[in-house]
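Inspection log for the structure reproduced underneath, given as structure tokens.
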Amino acid sequence: MPYPENALDLLTPYFPVFSTAPASTNVFDPSVSAILGGSNPVLLPDEGWPRCGSCEDNILIPYIQINFRQKVGVEAEPGHTILLQVFICAEDDCADCFGARLFGAFDNAFLVRVIEVTVESANTAAVEETRAGLAADRFFIPQRVISGWTPGNPEMLHEAVNNEIEYDDPQYLEHAPAPGLKLLGFPVQGKYYSSIIERCPKSVRPEQASEHDVRCLLQLGTDCDIEDGPGVYATGNTWIEQCTVHPDVLSMTIGGDW
Ligand SMILES: [Zn+2]
Ligand SMILES: [Zn+2]
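Once you know that position 92 of the sequence shown is 92 in the numbering used here, the rest is easy, because the numbers rise by one and skip nothing.
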């Protein structure tokens, strides 16, 4: 595992602030930072609703769509919006296909991507058309609006992969990675680990080699049940890793004590 050379370094996580009475449920709206779940994916012009490559043509459902007003290393054109989107295959809140395929390091039961889009160009017709053909009881993660992200207690590399500190050390207990949905910080892990991309495939200049690493961009969920969780609990410890030099290189990862 990469991460800081000093395993005792601390990183600040950012936790979602959920709106109790959202003024809007549109991810383009200035009051909205992210939409968790729901059935309203933003699609690119001419694009169809993404589907699972493993199930019989099942749709992938939105897990989260985050509006990155502060750019993630990519400059958007004026009027354009940058969204991080995560879709997963889930027939119900067990999300068995997603979990099983990711465990096997297959990348066809989810979609993680960063898109640049305008409100006008988003393909809402394809969304409506697909939704009209779905069963009335089709599972979606209950939609919640996130208005912003608030910094939390600084975190240390998880004890399962940290050789520098014991799990019961008071210093660790004070900085153990938090479960549940969060941006940055350290993920809750396990002894084992399966990631779609083991190593960033892009090359770097020699002077960048020492900083060519991955970090936890977004922890989706952990396998313990927590209040205010995303609504799909049984997916193990899942998080998205991002290359520290190439912000567009993202990898879905699952970790646990199998
Ligand atoms: Zn599937
Ligand atoms: Zn890279």
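Built from N, CA and C at the ideal position, the CB exists for glycine as well.
Here's the rule: buried if 16 or more other CB atoms are within 10 angstroms of the residue's CB, otherwise exposed. What is residue i?
| i | result |
| --- | --- |
| residue 1 | In this prediction, residue 1 has a pLDDT of 45, which is less than 50 and means its spatial position is unreliable; what the coordinates show is noted afterwards. Residue 1 should be labelled exposed. |
| residue 237 | buried |
| residue 48 | exposed |
| residue 206 | exposed |
| residue 134 | exposed |
| residue 261 | A query on residue 261 cannot be resolved here, the shown segment of the chain reaching from 1 to 258 and no further. |
| residue 144 | buried |
| residue 142 | exposed |
| residue 104 | exposed |
| residue 45 | exposed |
| residue 138 | exposed |
| residue 251 | buried |
| residue 40 | buried |
| residue 112 | buried |
| residue 6 | exposed |
What's the C-alpha gap between residue i and residue j?
| i | j | result |
| --- | --- | --- |
| residue 260 | residue 257 | Outside the modelled stretch of the chain, which goes from 1 to 258, sits residue 260, for which no answer is possible. |
| residue 172 | residue 248 | 32 Å |
| residue 155 | residue 179 | 11 Å |
| residue 187 | residue 124 | 34 Å |
| residue 132 | residue 34 | 24 Å |
| residue 120 | residue 214 | 34 Å |
| residue 218 | residue 191 | 20 Å |
| residue 86 | residue 136 | 23 Å |
| residue 202 | residue 241 | 15 Å |
| residue 146 | residue 30 | 11 Å |
| residue 98 | residue 21 | 31 Å |
| residue 223 | residue 129 | 34 Å |
| residue 107 | residue 195 | 9 Å |
| residue 63 | residue 69 | 19 Å |
| residue 91 | residue 52 | 11 Å |
| residue 189 | residue 27 | 30 Å |
| residue 181 | residue 169 | 25 Å |
| residue 32 | residue 38 | 14 Å |
| residue 24 | residue 17 | 15 Å |
| residue 36 | residue 122 | 18 Å |
| residue 211 | residue 9 | 15 Å |
Just to confirm, does residue i get its C-beta within under 8 Å of one of the non-hydrogen atoms of ligand 3?
| i | result |
| --- | --- |
| residue 109 | Ligand 3 is not part of this structure, which contains only ligand 1 and ligand 2. |
State the beta-bridge partners of residue i as determined by DSSP.
| i | result |
| --- | --- |
| residue 221 | 238 |
| residue 184 | 13 |
| residue 215 | 242 |
| residue 34 | 66, 146 |
| residue 22 | Partner(s): none; residue 22 has no beta bridge. |
| residue 28 | Per DSSP, none; premise fails for residue 28. |
| residue 116 | 82 |
| residue 194 | 254 |
| residue 110 | 88 |
- Query: Can you list, in chain order, the stretches of the alpha helix (DSSP H) that have 4 or more residues and sit fully within the stretch 153-182?
  - Reply: Entirely contained in the stretch 153-182, the alpha helix (DSSP H) runs reaching 4 residues are, in chain order, 170-175.
- Examine the Cβ distances between the stretch 53-68 and the stretch 160-179 and report whether three or more of them are shorter than 8 Å. no
- Message: Any contact between the stretch 109-117 and the stretch 78-98? By contact I mean 3 or more CB pairs, one from each, below 8 Å.
- Response: yes
- Contained alpha helix (DSSP H) runs [length at least 4] in the stretch 37-96, N- to C-terminal order: none
- Are the stretch 144-155 and the stretch 8-18 touching by the rule of at least three beta carbon pairs closer than 8 Å? With the rule of 3 Cβ pairs closer than 8 Å, the stretch 144-155 counts as touching the stretch 8-18.
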